[in-house]
Each structure stands twice: as C-alpha cells, then as structure tokens.
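Colleague: Here it is: the structure, laid out below.
Protein chains in written order, with our numbering: chain D, 145 to 639; chain R, 54 to 363.
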C-alpha cells in the first residue's frame, strides 16, 4: 500500500513539475528595452527601424554581424548602366500568406518614398519597374555605388497594406500593440522554423536601473543595453547571464580644424597620440580600443589599435611651437597658452565619465583643458563653437562604410562640422562613388581612413560594448552588434 | 455678467495667451527638428532631406502663417501629427492622459486619505511619534529624489519579496507603486498644511472660549478646526494637482508607463513642435480647471466667501 502511495505521489509530482516546466516554456520571452515602435505604419518616423529591430519587418538586404550588407528578401542587385536590376528570392510570403513578388515590392517602396522623405534620402526619386515575377529595375535619381546598402536601410522595409493593417515578412508578427508600453509578438507561420519560435513580449523601459531590477525580479528574460554600474550586481545574482558585444556606434572626438590651435594638423595628431584609450576602457568597464572610424569587427576597419605615444605627442607640439616653460605647466607659444575646451553632452552618460580621464591625459602632454557639458549639442556643433567634442554614430547603418565618410568627412559633407577639407580624401571618396565591388570598396574605405588618421579631424577613441542581461532560459541568446536586430529568427529557448 | 461667463472668458483669454507663448518658446529653442530627426536615426543629412521634412511638417511657411494655421487646426480638433512618431497627436494624448491622471490623482487621493488622520494625530500629541513622522515625511518629500525612491520600492517589493510585478503585472498591479510614490511624496506637505490649520485653530480665542465652556479638546477641535484646516489643504492641493499633467515624468519613465509626461520629455528632446504646443495648451487648460475647482471648494468650505460673493 505504501509503495502505491509513493508511486502515485511520484507520478503526480512529475506531472506537476512537467506541467510547470511546460508553463515556463509557454510563457512569452519578455524583453525590456529602451524603445518601441511608435507607429504601426512603417513609413511613419522611424517605425520601420523599430519593426525591423522587433523582428517583424525586413528589408530586401540586411546587415550581418560584421556590418556588411547581405541579401535577405532579395537574391541579388547588380548595376546595368544607369539602372540596377534587382532579383527577389522565390517563394517568399507575407505573414498573412500573401505572395511577396516584384509588384508587392514596388508598391511598398513607392508608398514609403511618397510618404516618408527619409526613404529617398540616399537615392532621390526612385523609378521602379517590374520586369517579371521576381525581377525589378531601380533607376535612382542620384548616383548610387552600393545599392545593397541603400536597400538595407530601414525606411525601405517591405510590407503590404491590408485595409488599416500593415503586414510584414519577418520571423514575428504583431498580436497586440500598446503604443508606448508593449508589443506582443507571435511567430510568423510563413517564415521558416516558425514552430521553434516562442512568443515574445517587448516592454519599453528607458530607465537603466528599472531594466536591471526587472531582470533581477524575473519579469524580464532579456534586458537590452544595461548600464555599466548595474553589471557587478547582476553578475553576482544566480541564474542570470550577462553578455557583452562591441557595437557599431563608434566613440570619437570631433576636432574643430578651422579654429586655432587645432587648425594645425600637428596639434590635432598630438591630441590623438596623447590619449590612452586603455584608460577609457577601464573607466567605462568595457570597450575595445578603436583602430579608426569603424569598429574592428567590420570588414573595412583598419587592423592596428590606436596607441598612446606621449613622446611623439610632445614632439609634435614642440614642432608646432608650443613649448613648456616649466615642468608640468601648460605649453605656450608667443605668450599664448595651449588651451582647449572639451565638450560632452548629457544624453550620453559614458561621455561624462570619459571627460575627466581625457582631460587629465591631455593636460599631461601640455594642454590646458576646460570641460563643458552642452545639453543641445547639434546646433552647438553646427555653429562650430567647439574645440573638441565627443560624438558617436552608427558608422555603417546600411552595411556600407561610405556612409560616415560621405556624411562627415568630405569637404562639403552635410555634417562636416570640423571644417575639414582634404583634396586627397575627396579624391578617394570620388573613386569610392564609382566603385561597386565589395573588396575594392573596402580597400578604398581603408585608404580614406588612413588619410583621416593623418589629418586627425576626428580622434577615434573606443568601440563601446553593450551588455545584455539574460534569464537562464535565454542563456543561449547572442546579442547583435547594434540595436537594429534585437529579435531575430534565431531567437529560441534552447541554450 | 454671471460668474461662469466671466470665468469662461478669462479662460479663453488665458488659453490664447498660452498658445502664443507656447508657439514662441518652442520656436525660440535652438536646433532644427528635421536635423535632429535625421541624425537620431543615422539618416543622410542632405539639404533635400531637410527641406522635404520641413515641407511635410509645414515649417517652410512664415511663422505667422504657421501659428495661424496651427491655431485654427488645434481649435477644430486637428492637433496635427507628431514629427517623431508620425501619429495624430490628439489620439496620442487621449491614450496617454488617463495614465498620467490615474497616477497623479490616485497618488493625491491616497496622500489626502493618509495625510488627514496623520495630521490630526500629530496635532493631538505635539512632539509625539506622528508629529515626528509627519516632519520626516515633509523633509523626505524635499530631500529624497523620486527615482531613488522608485528604485528602492521596486527592489523591495519586486526583487526581494516578490510581492508585486511592477513591469509585467496586470494594470492595477503595475499602478500600485507609481501611485504609492506620488502619495509618499505628497503626504508630508499636505499633512503639514492640515496640521498648521488645526494648530492655528487650537490657538484661537474662539477655541479657548469653547474649551472654557467645558468642551472636550478633541471633539471641539474636530468640530471647529477641520473645516478651517481643510481650506488650507484645498489650497495646497490646488498647487499639487496643477502639476499632475507633466509632473509624473519620473515614475512614468522608471515604471515604463505610457503617460503624457514621458511623451513630453521625449518630444522636447526631438523638438517635436506640435506635441509641445499641444501639451502646454492642455496643461494650461488643466490648471484653469483645477483653479476653478479650488474656487468652488473654497466657496463651499468658507461661509465668509458665500457672504462676500455678490
């Protein structure tokens, strides 16, 4: 009798436990992150980007972990004279089962271009002609050298308008949307491997402490982009896994090359040589020393990490006529002190941490540095009132390195707030505009970076590392090196 | 002219002045929203892209035209679309206002419910426990930042005791801590005002006379002091309630609640002109409503107001 009771209890217990574990697995994966799609319409604002990051929307090309554009919904794109011929992968479907053919692509792109000015920022007007079921021709108003990177940009996500509904092609589809609060997602049944994909809830939490607490309380399975100060506490807690990944948002200093004393390239180079980037990594608790404009995981990045060379910095300043009159004093020339202002902005707390470190390092080579914090940094930079200003950007959002060079470093670039002009660099960029092969473009981008390192209108600091906190059941999740693809097709509960 | 018509006229004038001020202040802020938008999402910053966004948002017209067109649209119920989200602003406000009002007014209601008995207990026993607690709460409201208090409460109730799920629970469960934080910061100041009213009555000649007639101190104070102290409380509440729309940003951000205050903070950073203008109009309208409610409350609580009224 006793045996029967024990056996019965064991069976019941195993049933309860397995039911519990089923319930655990059936529970959606809850992600806490700082942003959420602000609109269901991907042509509104940056909603296309958010839906892409949420795993709902896709573009014709996407960006791989090395930061290069690769085919996604498209099979290929090739230049044929003034137009580009685009081929789609066969057999694609939207989440509602409707076929994704060339005509659907044309309708989606034309709607986005007509309603969202950002959609044609790279191409100007875009004439799209359907050539067949899976073939289109694209005729951009402006010369485009890397159409794959343009088609990987979020304003050009592919979707179908069905009444008031927007239907996408990504691994997930929206089951509930509460603006500003959460999105609930279920697997798109027409995307390969739908059965392995757990439901997902994305909650918007912009406060870094709240993200950490949500992870600790077990309410979140994935806490995206944790603040550095929360990491030691989270790492000590059982059952949590913290993973870091370098991201494509390079940290740098913009240098006002049009204003003394930084109008002298020797002084600018001395600034770069006088910074010990290893100390910056230590101050932030994570990061990788930069080698140039691009993070080192990108295929067009330079290989050698930028190093500290105080002797070379001092030599350059001596050559430029800035001399120390006494040990430890700021350098002077013609009675003027070598003074700089180092500007940060509070929206990037990392820069507030780095400011005193860089200030001390530059003062050690003979600069006198004043630090300032500017709340609204963009107009301040555009008015060219700065000397050295912290900055960060995604250097290749569409998977092509030309983006940052064209935006910031060409003599007439829209964001060339540094007042920098180099005929040599511009000629490299001119060649880049005409070059289509990936390897040839990567080589030119590296050449361009070497020019920039010589002239130092930007001082590259570090590639930041973002941290993702994971519950035990999401321990197998591997963060992507940006916030463009947080929910992906490989999101599963398997370790 | 009746009181209602006079107040309505004053409210319309105030709203019109507020619309002018809102328009002028937001346009005087440095930075172009088109530039900020393109930069924020790593989009090419070309002259054509900036001009196209200006055209789409109507910023290519003269300031006078922009103001006049916006005012006409606003009054007729079209509050325009947000630069940032592309969604209609009126619908966004209708979606978010209830969240902010629930947190703000819910917190104030709880604060009043606790402040009144606390102040009465404190006035009964000066320098007693309740008196010191009231002082501590008043000081704490000034000294303890709301974000710190929020983090502490989440850590206690969600992480250590696992009693609440402030991020993923049902709506009611998610609202408990935000309302508690507004209440905790409100109890001290409200109770202090109420206690001051009771103390004033306690020192008054008519209270002494009532005691001299053999009245019990507690009953007498309750009978003669509460109404007077409530008038002070109503004045303090007017000030607190005026900031309900916009004043709950910290709790909304920490708890990830889609209220109007969080939306405003993000819109300001992106120079989302129409959102900020609409917010200022709504905030002024709310303050007018609160002031009117306070006037009615005063009228009801204070017999002298009724006598003085024409």
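Heads up, the beta-carbon is just placed ideally off N, CA and C, and yes, glycines get one too.
1) Could you please tell me which residues of the stretch 191-214 of chain R, in chain order, have their CB closer than 7 Å to any CB of chain D?
2) Would residue 456(D) and residue 414(D) be called neighbours here (beta carbons separated by less than 9 Å)?
3) Kindly list, in the order they appear in chain D, the residues whose Cβ is closer than 7 Å to that of residue 186(R).
4) Would you say the beta carbon of residue 69(R) is closer than 8 Å to some non-hydrogen atom of the ligand GDP?
5) Going by DSSP, what residues sit across from residue 271(D) in a beta bridge?
6) Near residue 356(D), which residues of its chain fall below 8 Å by C-beta distance, leaving aside the five closest residues on each side in sequence?
7) Reducing DSSP to helix, strand and coil, say where residue 72(R) ends up.
8) In this structure, does DSSP put residue 566(D) in helix, strand or coil?
9) In three-state DSSP terms, what is residue 502(D)?
10) How about residue 139(R): is its C-beta nearer than 9 Å to some C-beta of chain D?
11) Just curious, the alpha helix (DSSP H) that residue 354(D) is in, first and last residue?
12) First and last residue of the beta strand (DSSP E) that includes residue 131(D)?
13) Compare the C-beta of residue 208(D) against all C-beta atoms of chain R and say whether one is closer than 9 Å.
14) Which residues, in order along the stretch 136-165 of chain R, keep a beta-carbon less than 8 Å from a beta-carbon of chain D?
15) Between the Cα of residue 450(D) and the Cα atoms of 461(D), 425(D), 436(D) and 441(D), which residue gives the shortest distance?
16) Taking residue 56(R) as the reference, which of 354(R), 355(R) and 349(R) has the closest Cα?
17) Quick one: measure Cβ to Cβ for residue 256(D) and residue 187(D), integer angstroms, because I've assumed they're closer than 8 Å.
18) Could you name the residues of the stretch 497-526 of chain D whose beta carbon sits closer than 7 Å to any beta carbon of chain R, in the order they occur along the chain?
19) Does any residue of chain R bring its CB to less than 9 Å from the CB of residue 362(D)?
20) Secondary structure at residue 149(D), three-state DSSP: helix, strand or coil?
21) Can you confirm whether residue 390(D), when its beta carbon is compared against all beta carbons of chain R, has any partner nearer than 9 Å?
22) Please classify residue 306(D): does DSSP put it in a helix, a strand, or coil?
23) Please check if any C-beta of chain R sits within less than 9 Å of the C-beta of residue 168(D).
24) On the CB-based measure, 16 or more other CB atoms within 10 Å of its CB, does residue 183(R) come out buried or exposed?
25) In chain D, which residues lie with their C-beta within 8 Å of the C-beta of residue 98(R)?
26) Taking its Cβ as the centre, do 16 or more other Cβ atoms sit within 10 Å of residue 633(D), making it buried, or is it exposed?
27) Since residue 604(D) is in the beta strand (DSSP E), which residue starts that stretch and which ends it?
28) Note down, in chain order, each residue of its chain lying with its Cβ closer than 6 Å to the Cβ of residue 285(D), except the 5 sequence neighbours on either side.
29) Using only the alpha-carbon positions, how far apart do residue 310(R) and residue 576(D) sit?
30) Should residue 261(D) go down as buried or exposed, given a rule of 16 or more other Cβ atoms within 10 Å for buried?
31) Which partner residues does residue 114(R) have in the DSSP bridge list?
32) Measuring CA to CA, which of 240(D), 177(D) and 297(D) is closest to residue 206(D)?
33) Taking residue 182(D) as the query, report the chain R residues whose CB atoms sit under 7 Å from its CB, ordered along the chain.
34) Pair every Cβ in the stretch 260-276 of chain R with every Cβ in the stretch 226-234 of chain R, then say whether three or more of these pairs are closer than 8 Å.
35) Buried or exposed for residue 304(D), going by 16 or more other Cβ atoms inside 10 Å?
36) Quick check on the DSSP output: what are the complete alpha helix (DSSP H) runs of length 4 or more inside the stretch 345-410 of chain D, in order along the chain?
Modeller: In short:
1) 204, 207, 208, 211 and 212
2) Reading the first chain from its first residue, position 312 is the one you call residue 456(D). Reading the first chain from its first residue, position 270 is the one you call residue 414(D). In this structure, residue 414(D) lies closer than 9 Å to residue 456(D) by Cβ.
3) On the second chain, residue 186(R) is found 133 positions in, with the first residue counted as 1. Simply none; closest approach about 27 Å.
4) With respect to the ligand GDP, the structure shown offers nothing to examine, as it has no ligands at all.
5) In the first chain, residue 271(D) corresponds to position 127, counting from 1. Per DSSP, 283(D).
6) Mapped onto the first chain, residue 356(D) falls at position 212. Only 367, 370, 371, 374, 377, 378 and 613 meet the Cβ criterion.
7) The sequence position of residue 72(R) within the second chain is 19, counting from 1. Of the three classes helix, strand and coil, the one that applies to residue 72(R) here is helix, per DSSP.
8) Along the first chain, one-based indexing puts residue 566(D) at 422. Three-state result, residue 566(D): coil.
9) If you number the first chain from 1, residue 502(D) lands on position 358. Three-state DSSP puts residue 502(D) in a helix.
10) Residue mapping note: residue 139(R) aligns to position 86 of the second chain, counting from 1. For residue 139(R), the answer is yes, since a Cβ of chain D falls inside 9 Å of its Cβ.
11) Numbered from its first residue, the first chain carries residue 354(D) at position 210. Unbroken alpha helix (DSSP H) run through residue 354(D): 352-360.
12) Any question about residue 131(D) goes unanswered here, given that chain D covers just 145 to 639.
13) Locating residue 208(D) in the first chain gives position 64, where the first residue counts as 1. Taking Cβ atoms only, chain R never reaches closer than 9 Å to residue 208(D), which makes this a no.
14) 136, 137, 138, 139, 140, 145, 148 and 149
15) If you number the first chain from 1, residue 450(D) lands on position 306. Among 461(D), 425(D), 436(D) and 441(D), the Cα nearest to that of residue 450(D) belongs to 436(D).
16) Stepping through the second chain from its first residue, residue 56(R) is reached at position 3. Among 354(R), 355(R) and 349(R), the Cα nearest to that of residue 56(R) belongs to 349(R).
17) Working through the first chain from its first residue, we reach residue 256(D) at position 112. Working through the first chain from its first residue, we reach residue 187(D) at position 43. Going by Cβ atoms, the distance from residue 256(D) to residue 187(D) rounds to 5 Å, so yes, they are a contact pair.
18) Answer in chain order: 520, 522 and 523.
19) Residue mapping note: residue 362(D) aligns to position 218 of the first chain, counting from 1. Put simply, the CB of residue 362(D) is near chain R, with a gap under 9 Å to one of its CB atoms.
20) Position 5 of the first chain holds residue 149(D). Because residue 149(D) carries a pLDDT of 49, less than 50, the predicted location of this residue cannot be relied on, and no value is offered for it.
21) Taking the first residue of the first chain as 1, we reach residue 390(D) at position 246. No, residue 390(D) lies away from the interface with chain R (no Cβ there is under 9 Å from its Cβ).
22) For the purposes of this step, residue 306(D) is taken as the residue at position 162 of the first chain. In the displayed model, residue 306(D) falls within a strand according to three-state DSSP.
23) To locate residue 168(D), count along the first chain from 1; it is residue 24. Legend: pLDDT at residue 168(D) = 46, less than 50; position of this residue unreliable, value from coordinates given subsequently. For residue 168(D), the answer is no, since every Cβ of chain R falls outside 9 Å of its Cβ.
24) Counting from 1 along the second chain, the entry for residue 183(R) is found at position 130. The residue is buried, with at least 16 neighbouring Cβ atoms inside 10 Å.
25) For the purposes of this step, residue 98(R) is identified with residue 45 of the second chain, where counting begins at 1. Within chain D, the residues near residue 98(R) are 551, 558 and 559.
26) Your numbering for residue 633(D) matches position 489 in the first chain. Answer is buried; the Cβ neighbour count reaches 16.
27) For this step, residue 604(D) is matched to residue 460 along the first chain. Per DSSP, residue 604(D) is one residue of the beta strand (DSSP E) stretching across 602-604.
28) As a first step, residue 285(D) must be located in the first chain, where it is residue number 141. If we look at residue 285(D) and ignore the five residues flanking it on each side, its Cβ neighbours are 268 and 269.
29) Numbered from its first residue, the second chain carries residue 310(R) at position 257. Numbered from its first residue, the first chain carries residue 576(D) at position 432. Near 47 Å, if we compare the C-alpha coordinates of residue 576(D) and residue 310(R).
30) Indexing the first chain from 1 puts residue 261(D) at position 117. Result: buried.
31) Here residue 114(R) refers to the residue found at position 61 when the second chain is read from its first residue. The partner list for residue 114(R) (beta bridge, DSSP) is empty, contrary to what the question assumes.
32) Residue mapping note: residue 206(D) aligns to position 62 of the first chain, counting from 1. Taking only the C-alpha atoms, the option nearest residue 206(D) is 297(D).
33) Locating residue 182(D) in the first chain gives position 38, where the first residue counts as 1. Going along chain R in sequence order, the residues near residue 182(D) (Cβ under 7 Å) are 137, 138 and 140.
34) no
35) As a working note, residue 304(D) is residue 160 in the first chain. It counts as buried.
36) As far as the stretch 345-410 of chain D is concerned, its whole alpha helix (DSSP H) runs of at least 4 residues are 352-360 and 375-380.
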